[in-house]
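To start, the structure under review is shown below, and the notes come after it.
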Amino acid sequence: GFFCIKVNLSHNGTRPDDPLNFSDLEAFANDTFSHQLNDLKAVLDFIEQTPDIPLNEMDVANISLIGHSRGGSLVLLKGAQDARVTKIITWSAVADLLAGYTPEEIAAWKETGVKTISNTRTKQQMPIYYSYYEDLMNHPIRLNVLQAASRLDKPLLVIHGDKDETIPISDAYSIHQHAADSKLIRIEGANHTFGSAHPWNEETLPPHLKATVEATVMFLKEK
Numbered sequence: 278g279f280f281c282i283k284v285n286l287s288h289n290g291t292r293p294d295d296p297l298n299f300s301d302l303e304a305f306a307n308d309t310f311s312h313q314l315n316d317l318k319a320v321l322d323f324i325e326q327t328p329d330i331p332l333n334e335m336d337v338a339n340i341s342l343i344g345h346s347r348g349g350s351l352v353l354l355k356g357a358q359d360a361r362v363t364k365i366i367t368w369s370a371v372a373d374l375l376a377g378y379t380p381e382e383i384a385a386w387k388e389t390g391v392k393t394i395s396n397t398r399t400k401q402q403m404p405i406y407y408s409y410y411e412d413l414m415n416h417p418i419r420l421n422v423l424q425a426a427s428r429l430d431k432p433l434l435v436i437h438g439d440k441d442e443t444i445p446i447s448d449a450y451s452i453h454q455h456a457a458d459s460k461l462i463r464i465e466g467a468n469h470t471f472g473s474a475h476p477w478n479e480e481t482l483p484p485h486l487k488a489t490v491e492a493t494v495m496f497l498k499e500k
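Taking our numbering, I'd label the letters of the sequence shown as residues 278 to 500.
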C-alpha cells in the first residue's frame, strides 16, 4: 500500500470545522498559486521534520504528488521546484494558468478588484480577487506550467479524459510534449471529473475514475 496525506490548502474556502462546504469565501477570494506552493512546502517540511509520522511506514526519500485540475498544475509546479518530490501525477491539469481571460475581462477584474465564478455543485458565486491574476503576472517563470514541465528531471504521469468539458485534452498533450520523462494516458470518454461527483455515495468508483486510479497506482509502483 501507500502512505497518503490528503491536503486541504489554506485558502480553498473551507474551514477545519466545516471541511466539505465553502463557508470561508474571503479566504477563497484571497487565494493565489504562491499561497498554494507555500502550503505544499509546509506539508513537505512537516513530513521531513515531524517525529509523529511513523517513518517505518513511510519512505521520505520517495515522495509523489498527485493533483486534479488546477491542483495538477500546482503539483507540477511544485515538483519542478522541490528536489524532495520524486514523481508527479496530474489528472485533468491546466497547461496555461493565464489562458481564457480576455482583455476586457481582465480590465473589468482590475477595475472592480474581484470577479466571480459559478460553483455548479453548490450554486455559489465564488469570488476571486485581482491579486490572483497579479500573482501570475508577477511570477511569469515560477508559475509557468509548461516551463516547469520542460525543467522536470523526474517522472511525470499525465492523465486526461478525451471528453473533458472544462480543460481540453490538448492541455495534456502540451504538458506531455514539454516534459522529457513523461507518460500520457488518455481516458476514452472521460469528462473532467472522470465520471465522479461530490458527494460520492456509491461503494465502487465510476469506471473512468477507476481506470485513472489503476493507472496511477501502476505508475507509483514503477521503479
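Glycine is no exception: its CB is placed at the ideal position from the N, C-alpha and C atoms.
{"Item": "Go to Trp368, then tell me how far its beta strand (DSSP E) extends in each direction, as first and last residue.", "Value": "362-368"}
{"Item": "Output the residue ranges of the alpha helix (DSSP H) runs that lie fully inside the region 429-490 and measure 4 residues or longer, sorted by chain position.", "Value": "446-455"}
{"Item": "I need the boundaries of the alpha helix (DSSP H) containing Ser341, first residue and last residue.", "Value": "Where Ser341 is concerned, there is no enclosing alpha helix (DSSP H), although the beta strand (DSSP E) it sits in stretches over 340-345."}
{"Item": "In whole angstroms, what is the alpha-carbon distance linking Asp301 and Arg292?", "Value": "7 Å"}
{"Item": "Between Ser311 and Asp412, is the Cβ-Cβ spacing less than 9 Å?", "Value": "yes"}
{"Item": "Are at least three pairs of beta-carbons, each pair with one atom in the region 362-375 and one in the region 330-344, less than 8 Å apart?", "Value": "yes"}
{"Item": "Determine contact between the region 415-422 and the region 434-446, defined as no fewer than three beta-carbon pairs at a distance below 8 Å.", "Value": "no"}
{"Item": "So for Pro417, helix, strand or coil by DSSP?", "Value": "coil"}
{"Item": "Using the C-alpha atoms, what's the distance from Ile405 back to Ala306?", "Value": "4 Å"}
{"Item": "Helix, strand or coil for Pro404, going by three-state DSSP, please let me know.", "Value": "strand"}
{"Item": "Roughly how many whole angstroms lie between the Cα atoms of Ser369 and Ala384?", "Value": "28 Å"}
{"Item": "Along the chain, where does the alpha helix (DSSP H) containing Lys318 start, and where does it finish?", "Value": "310-326"}
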